[in-house]
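Chemist:
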Amino acid sequence: LAARKQELEEILHDLEARIEEEEERSTNLGNEKKKLQLNIQDLEEQLEEEEAARQKLQLEKVQCDAKVKKLEEDLALVEDTNSKLVKEKKVLEERAADLAQTLAEEEEKAKHLGKLKAKHEATIAELEEKLLNLVVVAVLYLSCKRKVETEVNDLKEQLNEKKTHVEELQLQLGKREEELAQAM
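So, in structure tokens, the structure goes:
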């Protein structure tokens, strides 16, 4: 029973360590998610700035035909950057979604481990109570055993005394019978 209790305590310690690790992972994932959201916000702001620059270049193209070729090159560059940013934004959004799902799974695991911990603690408490009851029963048993052994020893002594008394009486009876036989 002590070995079982020790085993359960070790399982409990392992579960507590695992819960702590899962909670730390959950915190780290939450921080990473916030960081990615800030990056997305920065990229969206950059995207808006690039869009504003593109519109400005288009206005300058209308105002100044001499700069048409350069403005078209700048516009192509801006559009390329815009496309890359959109792709990067999509990748980051997918990553954020994955992290959110992972975080939810880790929280579910932590919840499950918490339930396991509570269950094992209840089992340990139950086993400790049973052990205490067994100790009480053992103490009562030993007390009763000693009492019965004492009574048995007393009865044996009394029985031996009675046997001795009976033997003495039989000897006396034998003598009386001999005396009676001789008297006749």
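According to the working numbering, the stretch in the sequence shown is residues 199 to 382, in order. Built from N, CA and C at the ideal position, the CB exists for glycine as well.
#1: Please report the straight-line C-alpha distance between E249 and L227, rounded to a whole angstrom.
#2: Helix, strand or coil: which one does DSSP assign to L297?
#3: If you run the structure through DSSP and keep just helix, strand and coil, what is L199?
#4: Using only CA atoms, which one of E246, L314, E327 and K361 lies nearest to E214?
#5: Of the residues L371, D212, L367 and L301, which one's Cα is nearest the Cα of T222?
#6: Taking a contact to mean a Cβ-Cβ separation below 7 Å, would you say L290 touches K231 in this structure?
#7: Anyone know if the C-beta pair for L283 and L255 falls short of 7 Å?
#8: Buried or exposed: where does E304 fall if 16 or more other Cβ atoms within 10 Å of its Cβ makes it buried?
#9: On the criterion of 16 or more Cβ atoms from any shown chain inside 10 Å, does E220 qualify as buried, or is it exposed?
#10: Would you please state the rounded distance, in angstroms, between the beta carbons of R202 and L325? I believe it to be under 8 Å.
#11: Evaluate L311 with the Cβ neighbour count: other Cβ atoms within 10 Å of its Cβ, from every protein chain shown; 16 or more gives buried, anything less gives exposed.
#12: Is C342 helix, strand or coil by DSSP?
#13: For L287, which residues in the same chain have their Cβ closer than 8 Å to its Cβ, ignoring the five residues on either side in sequence?
Modeler: In terms of the structure at hand:
#1: Spanning the two alpha carbons is a distance of roughly 32 Å.
#2: In the structure shown, L297 falls within a helical segment according to DSSP collapsed to helix, strand and coil.
#3: Of the three classes helix, strand and coil, the one that applies to L199 here is coil, per DSSP.
#4: Among E246, L314, E327 and K361, the Cα nearest to that of E214 belongs to L314.
#5: The residue you asked about is not Thr; residue 222 is Glu in the sequence shown. When only C-alpha atoms are compared, the closest one is L301.
#6: With contacts defined by Cβ atoms closer than 7 Å, L290 and K231 do not form a contacting pair.
#7: Not in contact: L283 and L255 (Cβ atoms no closer than 7 Å).
#8: E304 is classed as buried because its beta carbon has at least 16 other beta carbons within 10 Å across all chains shown.
#9: Buried: at least 16 other Cβ atoms inside 10 Å.
#10: The beta carbons of R202 and L325 sit about 7 Å from each other, so the pair counts as a contact at 8 Å.
#11: Buried: at least 16 other Cβ atoms inside 10 Å.
#12: Helix.
#13: Residue identity differs from the one stated: residue 287 is Lys in this sequence, not Leu. Residues of the same chain with a CB within less than 8 Å of the CB of K287, apart from the 5 flanking positions on each side, are I238, L241, E242 and L245 in chain order.
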